[in-house]
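*Asks:* Dropping the structure in here first, questions after.
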């Protein structure tokens with residue numbers, strides 16, 4: 001077994017262990033449960049409202065949008081947050097000092113974050129399938145379609161999140177990433193049709209992956225009658241594929257460059273300096 005293969009295997013094992021550890025930490029479990037309960041409660045109370053121009057439940061129409069937004073939010077902020085914390089506490093420095101350690105670290109973090117996102121998605125989707133019978137009308141094809149969009153979403157968000165995380169100075173700086181992502185959620189048609197927004201806002205939303213992930217999720221899980229509230233009355237599968245692939249290429253191009261630059265700058269003195277500043281803030 002060569003060194004890179006060993007790093008990949010250790011990274012996968014590390015990711016699985018970290019994922020399991022999230023279920024042994026009460027704060028992590030409560031945080032995930034609160035998120036799921038809030039969204040399910042909101043969707044449940046929306047069940048009797050209908051999507052404008054259709055007989056489809058507004059709650060059902062919102063489910064795939066929420067899933068798409070969750071993938072973007074967790075992919076960007078989760079990856080950035082992990083990197084910022086691990087940079088501050090010296091985890092990245094230890095990975096850098098190990099042969100192929102950065103590769104194993106990135107595989108581990110990506111594995112853990114992907115499993116967490118899949119768990120969150122299932123926690124919202126499975127109950128919703130029982131509440132809203134109109135979801136996944138094409139059976140197995142709907143789920144395969146959903147899986148394809150989900151994989152594209154991972155590639156379109158997590159590398160960008162890692163790139164942004166490599167630019168942050170410390171864990172508290174990740175708030176500068178959270179706020180713009182929340183702003184994108186407000187204009188990307190998550191809780192209401194995007195066609196209700198001004199034209200220029202629609203144009204801005206379509207530059208970023210959140211709108212397209214929501215659209216892809218809706219095309220996978222909703223009946224064709226729901227397309228009436230989409231831009232151009234179309235699911236636009238080719239533009240969805242093109243935009244998500246474009247963001248994937250951008251992320252996969254930038255992330256390795258920025259991560260290598262960040263790793264080169266890591267040293268014991270810089271970690272000690274960040275710890276000293278953190279202790280001063282606490283004191």
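Numbering (UniProt numbering), first residue to last: 1 to 283.
Glycine included, every Cβ here is placed at the ideal spot set by N, Cα and C.
Quick check: what's the CA-CA separation for residue 65 versus residue 58?
*Replies:* The straight-line gap from Cα to Cα measures roughly 11 Å.
*Asks:* In angstroms, rounded to a whole number, what distance separates the CA positions of residue 77 and residue 136?
*Replies:* Each residue's alpha carbon lies about 29 Å from the other.
*Asks:* Which same chain residues end up closer than 7 Å to residue 86 when comparing Cβ atoms and leaving out the 5 residues on each side of it in sequence?
*Replies:* The residues are 92.
*Asks:* For residue 97 versus residue 105, is the C-beta spacing smaller than 8 Å?
*Replies:* Cβ atoms of residue 97 and residue 105: not closer than 8 Å.
*Asks:* Just tell me which of 221, 130, 255, 112 has its CA closest to the CA of residue 74.
*Replies:* The shortest C-alpha separation from residue 74 is found at 112.
*Asks:* What span of residues does the alpha helix (DSSP H) with residue 145 cover, start to end?
*Replies:* Run containing residue 145: 140-167, per the alpha helix (DSSP H) assignment.
*Asks:* Would residue 229 and residue 52 be called neighbours here (beta carbons separated by less than 8 Å)?
*Replies:* Yes; because the gap between Cβ atoms is below 8 Å, this pair is in contact.
*Asks:* Taking the straight line between their C-alpha atoms, what separation do you get for residue 36 and residue 68?
*Replies:* Approximately 14 Å between the Cα atoms of the pair.
*Asks:* For residue 50, which of helix, strand or coil comes out of DSSP?
*Replies:* Note: residue 50 maps to strand in three-state DSSP.
*Asks:* Quick check: the Cα distance between residue 79 and residue 252, rounded to an integer number of angstroms?
*Replies:* Their backbone Cα atoms lie some 13 Å apart in a straight line.
*Asks:* I think residue 116 touches residue 71, with their Cβ atoms under 8 Å apart; what is that distance to the nearest whole Å?
*Replies:* Incorrect: roughly 11 Å between the Cβ atoms, too far for contact.
*Asks:* Verify the contact flag: residue 133, CB atom, against every heavy atom of the ligand COA, threshold strictly below 7 Å.
*Replies:* Of ligands this structure carries none, so the ligand COA is not represented either.
*Asks:* How should residue 257 be labelled, buried or exposed, when 16 other C-beta atoms within 10 angstroms of its C-beta is the threshold for buried?
*Replies:* Classification for residue 257: exposed.
*Asks:* Please identify the residue among 164, 153, 49 whose C-alpha is closest to the C-alpha of residue 241.
*Replies:* With distances taken between Cα atoms, residue 241 lies closest to 153.
*Asks:* Quick one: grab the DSSP three-state call for residue 248.
*Replies:* The answer is helix: DSSP assigns residue 248 an H, G or I state.
*Asks:* Buried or exposed, going by whether 16 or more other CB atoms sit within 10 Å of the CB of residue 9?
*Replies:* Residue 9 comes out exposed.
*Asks:* Measuring alpha carbon to alpha carbon, tell me which of 223, 11, 129, 163 ends up nearest residue 138.
*Replies:* Nearest of 223, 11, 129, 163 to residue 138, Cα basis: 223.
*Asks:* Count the CB pairs spanning the region 177-195 and the region 209-227 that are closer than 8 Å, and state whether there are at least three.
*Replies:* The answer is yes - the region 209-227 touches the region 177-195, with three or more Cβ pairs under 8 Å.
*Asks:* Label residue 232 either buried or exposed according to how many other C-beta atoms from any shown protein chain fall within 10 Å of its C-beta, with 16 as the threshold for buried.
*Replies:* Counting Cβ neighbours within 10 Å, residue 232 comes out exposed, since fewer than 16 surround it.
*Asks:* Do you know offhand how far residue 196's Cα is from residue 60's?
*Replies:* Answer to the nearest angstrom: the Cα atoms are 18 Å apart.
*Asks:* Which residues does DSSP list as the beta-bridge partners of residue 57?
*Replies:* In the DSSP output, where bridge partners are listed per residue, residue 57 has 50.
*Asks:* What runs of the alpha helix (DSSP H), each 4 residues or longer, lie entirely inside the region 94-129?
*Replies:* Whole alpha helix (DSSP H) segments, 4+ residues: zero.
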